[in-house]
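Read through the structure below, which is laid out as structure tokens, and then see the notes.
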Amino acid sequence: MANVVAIIGRPNVGKSTLFNRLTDTTQAIVDSVAGVTRDRHYGKSVWNGVEFSVIDTGGYIMGSEDVFEAEIRRQVKIAVEECNFILFVVDITEGVTTYDKEVADLIRKSNRKVLLIANKADNNERAVYAAEFYKLGLGEVFAISAINGAGTGELLDELVKQLPDETGLPEEENIPRIAIIGRPNVGKSSLTNALLGEERNIVTPVAGTTRDTINTRYTKFGHDFWLIDTA
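Residue numbers (the working numbering): 60 to 290.
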């Protein structure tokens with residue numbers, strides 16, 4: 060299978076900023092308000108000649124009865140099932156939180172390889188606080204800044220070193236892309252889910268539920284294309 064790397068963590072730790080840096084795009088919406096990312100968001104990355112897919116996910120919170128947060132939890136769990144490697148992002152400025160511990164438990168149960176990333180180490184003074192996250196018991200901690208790129212080179216060096224060899228996997232260039240468009244709340248995400256035969260995108264009666272453009276590979280009945288759900 061192709062290498063798929065999922066970025067997970069609690070809300071507002073910088074997952075989408077890291078996704079945009081790894082994919083060299085501005086695909087994922089970034090905001091200081093927690094909960095901006097909801098659906099799984101896919102992109103491509105390459106480092107030192109090694110290509111891999113990246114999944115951005117919403118912030119994982121246990122125990123909430125909020126309709127969006129319940130759906131986000133389900134989307135995160137699907138991403139964990141789809142991937143073969145996890146980048147677990149925490150906020151170096153806030154230390155270890157209860158939510159971080161809950162995400163760590165989810166990762167341990169998944170049996171996926173993981174790299175623990177202490178994000179927002181925007182200067183050397185902050186970087187020293189990375190040591191606190193060793194108490195999560197997930198191995199080495201990489202202090203980085205997704206905003207300015209500090210430490211991301213070392214992180215990617217270690218990531219591609221641990222990814223399985225993909226030699227012989229087929230190329231994905233020149234695959235058709237089909238977009239589903241329309242005004243808010245007309246059922247675009249419901250149609251996408253029906254075509255895929257899975258609850259790929261979050262669906263609620265609330266207009267504006269879909270915030271990002273969501274790309275999903277469709278490979279059924281002899282067809283192979285990207286299906287694009289729009290906001």
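Cβ atoms here follow ideal geometry from the backbone N, Cα and C, with glycine treated the same way.
My understanding is that residue i touches residue j, with C-beta atoms under 8 Å, so please give their C-beta distance in whole angstroms.
i, j, result
"Y188", "I151", "5 Å"
"L81", "S104", "5 Å"
"I287", "A209", "Contact doesn't hold; Cβ gap of about 33 Å is too wide."
"V149", "V72", "6 Å"
"I176", "L214", "7 Å"
"N207", "D224", "Not quite, the Cβ-Cβ distance comes to about 32 Å (not below 8 Å), so this is no contact."
"V219", "W106", "5 Å"
"T275", "L255", "6 Å"
Nearest to residue i by CA position, among the options, is which residue?
i, options, result
"G241", "P235, V64, S249", "S249"
"R99", "E140, T278, E153, E161", "E140"
"S204", "N62, N183, G198, S169", "N183"
"N178", "L222, T211, C142, L195", "T211"
"G102", "G122, Y119, L77, I120", "L77"
"G300", "A238, G281, L146", "This structure does not reach residue 300, given that the chain is present from 60 up to 290, and the question cannot be answered."
"D216", "N207, F201, I206", "F201"
"V135", "K220, V162, V149, I176", "V162"
"Y119", "V109, I131, E153", "I131"
"C142", "I239, A65, A180", "A65"
"K160", "R185, E191, A180, T84", "E191"
"N170", "L195, I67, F144, R185", "F144"
"E153", "I166, G122, A186", "A186"
"P235", "L195, F284, G122, I67", "F284"
"I133", "I67, G281, H282", "This sequence places Arg at residue 133; Ile is not what is there. The shortest Cα separation from R133 among I67, G281, H282 belongs to I67."
"I137", "I166, V109, D83", "I166"
For residue i, count neighbouring Cβ atoms within 10 angstroms of its own Cβ and tell me buried if that reaches 16, exposed if not.
i, result
"E128", "buried"
"D164", "exposed"
"T251", "buried"
"D115", "buried"
"N79", "buried"
"K168", "exposed"
"K247", "buried"
"K74", "buried"
"V173", "buried"
"R69", "buried"
"N62", "buried"
"L228", "Only weak support exists for where L228 lies, its pLDDT of 44 falling under 50; the value from the coordinates is given anyway. Flag for L228 reads exposed."
"A253", "exposed"
"G117", "buried"
"T157", "exposed"
Can you give me the start and stop residues for the beta strand (DSSP E) that residue i sits inside?
i, result
"F192", "Premise fails: F192 is in no beta strand (DSSP E) and is neither H nor E."
"I176", "172–178"
"A202", "200–202"
"I66", "63–67"
Counting along the chain, where does the alpha helix (DSSP H) carrying residue i start and finish?
i, result
"V219", "211–221"
"I234", "First-last for I234: undefined, no H or E at that position."
"A253", "247–255"
"A81", "Going by the sequence as given, residue 81 is Leu instead of Ala. Per DSSP, L81 belongs to the alpha helix (DSSP H) from 74–82."
Discussion item. Extract the residue ranges of the beta strand (DSSP E) inside the region 98–177, only unbroken runs of 3 or more that lie entirely within it.
Written reply: You should have 100–106, 109–115, 144–150.
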